[in-house]
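What follows is a single structure, written as structure tokens, with notes after it.
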Amino acid sequence: MNSEGQRTKPTVDPLSKDDQSVGASLNPKPRVPQLSTTLATFSNDPVDWPRILDIARASDRAGIDRLLVSDHVVFGEQLEDYARPELGGKLGGQQPTGPDGHWLEPITVLAALASATTRVRLGTNILLAALRRPVVLAKSLATLDVISNGRIDLGVGVGWQSAEYEAAGLPFKQRGQYLDHTLGVLSALWSEPAVSVHDDLLDFDGIHAMPKPVQAGGVPIWVSGRVNRRVARRLARFGSGWIPWGEAASDLVPAIAEMRELVAAEGGDLDSCQVAGNVARVATSSGGIDLDATMSAVPRLVAAGVTDLRISLPMHSDMGMTESGFVEAVEAFRAVTASSESST
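Going by my numbering, 265 is the number at position 58 of the sequence shown; the sequence numbering is gapless.
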């Protein structure tokens, strides 16, 4: 209240390093490791896209903990930049489609998945959040969290493709600043009754945004990135989870230890966050998945601090898994994680 008894409106500086988020503490990491898998919502050629809803239903019934979808809005011609770490790509990486590949818009897909499932969490891996207008994005994600009854996770990153930012009218070299700004606006609109922002990117006063997300503190934000101070600062301020990228994703044990120190130096606590880790799928001679060999990597990752184990399960055409296959994958995962817990 001000001196005249009028309610004041919080003014938010989305770029302030001192404005610490409470997202991690309000969205604590789970007590047991979780199993996530990615839905392939991209393809070089048109596919039977409605089939992903059937896959989602089967995953939901089988007990998979989280379904993830990817994001690209548009493509330029320089796809080889994906292999350039200095631009945000990863060394030796290859973009999975050409410039005319079909990529479904992830928030739209998650809305469809929310209506097709009842318990599985739904997330982005990752969303190029800075390409969207912050206020509209806050509304879309809050609505999605409401209709899914609080099952949404927001994985974000800066991306690697300059043409994508240029097409959206944004400067590629400032993409980190734009992402931080977007996350600051989202966090404020999800947690405050009325928000004011006055900076070089937005200028508004006393804005109300309802409904709020179902999840306390807003949709959990998972920050993707390498081990460096910029990512650590973003994670300390906004993160409920970390999605290691590049060399960090390839060598998780030392990466987690180093990131823990960097996040602590920024006033955060990595141990209060979830940590994602990719589990390499081991194929059988027939092209299926060797569950025993695949799951053998899980205990080491869990011991290192990984809480969200991400496995790419075969889903398309003749190599796609049946619902019983998803059940077998979940049972194998639960067995190895239970053994890990009992041995500690």
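Heads up, the beta-carbon is just placed ideally off N, CA and C, and yes, glycines get one too.
Buried or exposed, going by whether 16 or more other CB atoms sit within 10 Å of the CB of residue i?
i	result
residue 457	exposed
residue 281	exposed
residue 405	exposed
residue 485	buried
residue 256	exposed
residue 229	At residue 229 the pLDDT is 42, less than 50, meaning the model places this residue with poor confidence; the figure from the coordinates comes in the next sentence. Exposed is the call here.
residue 533	buried
residue 345	buried
residue 417	exposed
residue 536	buried
residue 498	buried
residue 553	No information on residue 553 is available, as it lies outside the stretch 208 to 551 that the chain covers here.
residue 211	Note that residue 211 has pLDDT 49, beneath the 50 cutoff, so the model's placement of it is unreliable and the number below is only indicative. That one is exposed.
residue 445	buried
residue 343	exposed
residue 492	exposed
residue 209	Here residue 209 scores only 48 on pLDDT, less than 50, and its place in the model should not be relied on; the value that follows carries that caveat. Under this definition residue 209 is an exposed residue.
Could you work out which residue in the options is closest to residue i when comparing CA atoms only?
i	options	result
residue 503	529, 546, 257, 256	546
residue 284	237, 307, 313	307
residue 434	289, 311, 471	471
residue 429	394, 364, 238	364
residue 411	270, 539, 392	392
residue 382	351, 334, 396, 361	334
residue 242	497, 482, 490, 531	482
residue 249	332, 447, 452, 353	332
residue 298	320, 276, 452, 419	452
residue 359	329, 371, 313, 347	329
Quick one: what's residue i bridged to in DSSP?
i	result
residue 428	361
residue 485	517
residue 241	515
residue 355	Residue 355 pairs with nothing; no bridge assigned.
residue 534	For residue 534, which the question treats as bridged, DSSP gives no partner whatsoever.
residue 490	496
residue 330	275, 360
residue 450	431
residue 367	None, per the DSSP bridge assignment.
I'd like to check one pair, residue j with residue i: are the Cβ atoms closer than 8 Å?
i	j	result
residue 286	residue 246	no
residue 351	residue 374	no
residue 509	residue 240	yes
residue 295	residue 397	no
residue 431	residue 450	yes
residue 511	residue 438	no
residue 420	residue 353	yes
residue 477	residue 436	no
Leaving out five residues before and five after residue i in sequence, what residues of the same chain have Cβ atoms less than 6 Å from its Cβ?
i	result
residue 414	402
residue 389	336, 337, 341
Apart from the five residues just before and just after residue i, which ones in its own chain have a Cβ nearer than 8 Å to its Cβ?
i	result
residue 377	337, 338, 385
Between which residues of its own chain and residue i is the CB-CB distance below 7 Å, once the five residues before and five after are set aside?
i	result
residue 519	244, 245, 488
residue 324	263, 264, 267
residue 475	442, 443
residue 269	530, 533, 534, 537
At the 8 Å Cβ level, is residue i part of the contact set with chain B, yes or no?
i	result
residue 295	Absent here is chain B; the protein component of the structure consists of one chain.
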